[in-house]
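Residue numbers (our numbering): 40 to 239.
Every residue gets a Cβ at the ideal spot worked out from N, C-alpha and C, and that includes glycine.
The next block holds one structure in the form of structure tokens; read it before the comments.
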């Protein structure tokens, strides 16, 4: 007589729910039809793969919606700070182009976009805004330009070193974040320099 592992028992409102995993089910549709014929009261057949895909799809949709709202908030804040919608677009556009290019390139490199890639892209956008703001302002003198370039270079190298370390991780989540930041940060820098006013 077997004893059910405690991890498969869930308490609910003073009662218990037992989870019974099925293995070797090659035809989920046939299994679902057979389960329906059993008419087992209180029992439910749960396809974990399908439910997981549905949840991830819902989360991805919510992430894209929140990302769009975040970009709109960034634009509004930049327009307020720079006192010009045109200047805000000039600062934000190269960063968004870099993020869009990477989002298109990752699947071609064999890395389909996941929630973790999208979150890492937000980090790329935030970092890229720093580059874009610098290349769209006029330094007071050459010393200030040199100090700012040095600061951006050190910060950029620190980000790339951290991203490179994450990209070598055996954990898929950390690797996805590292690869995204490692590719996106240089793209954001290049686009910001190409589209900025101060190209020196």
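- Task: Compute the Euclidean distance between the alpha carbons of residue 143 and residue 154, then round it to the nearest angstrom.
- Result: Here residue 143 is taken as the residue at index 104 of the chain shown, counted from 1. Here residue 154 is taken as the residue at index 115 of the chain shown, counted from 1. Spanning the two alpha carbons is a distance of roughly 15 Å.
- Counting only the same chain and skipping the five closest in sequence on each side, list residues whose C-beta sits under 8 Å from that of residue 42. For the purposes of this step, residue 42 is taken as the residue at position 3 of the chain shown. Confidence in residue 42 is poor, its pLDDT being 49 and thus under 50, which makes the residue's placement unreliable; the coordinate value appears in the next sentence. Hits under 8 Å: none found.
- Is the Cβ-Cβ distance between residue 219 and residue 198 less than 8 Å? Locating residue 219 in the chain shown gives position 180, where the first residue counts as 1. Locating residue 198 in the chain shown gives position 159, where the first residue counts as 1. No; because the gap between Cβ atoms is not below 8 Å, this pair is not in contact.
- Residue nearest to residue 174 in terms of C-alpha spacing, selected from 201, 141, 148, 127: Against the chain shown, residue 174 aligns to sequence position 135. The shortest Cα separation from residue 174 among 201, 141, 148, 127 belongs to 127.
- Item | Stretch pair the stretch 217 to 234 + the stretch 188 to 208: three plus CB contacts closer than 8 Å | yes
- Using a Cβ-Cβ cut-off of 8 Å (strictly less than) and excluding sequence neighbours within five positions of residue 113, which residues of its own chain qualify? Here the question's residue 113 lines up with position 74 in the chain shown. Same-chain partners within the cutoff: 131, 164, 168.
- Query: Contact between the stretch 225 to 236 and the stretch 133 to 153: three or more CB pairs below 8 Å?
  - Reply: yes
- Query: Do the CB positions of residue 109 and residue 161 come within less than 8 Å of each other?
  - Reply: The residue given as residue 109 occupies position 70 in the chain shown. The residue given as residue 161 occupies position 122 in the chain shown. Result yes, Cβ atoms of residue 109 and residue 161 sit closer than 8 Å.
- Can you list, in chain order, the residues of its chain whose CB lies under 7 Å from that of residue 222, leaving out five sequence neighbours each side? For this step, residue 222 is matched to residue 183 along the chain shown. These residues qualify, in order along the chain: 141.
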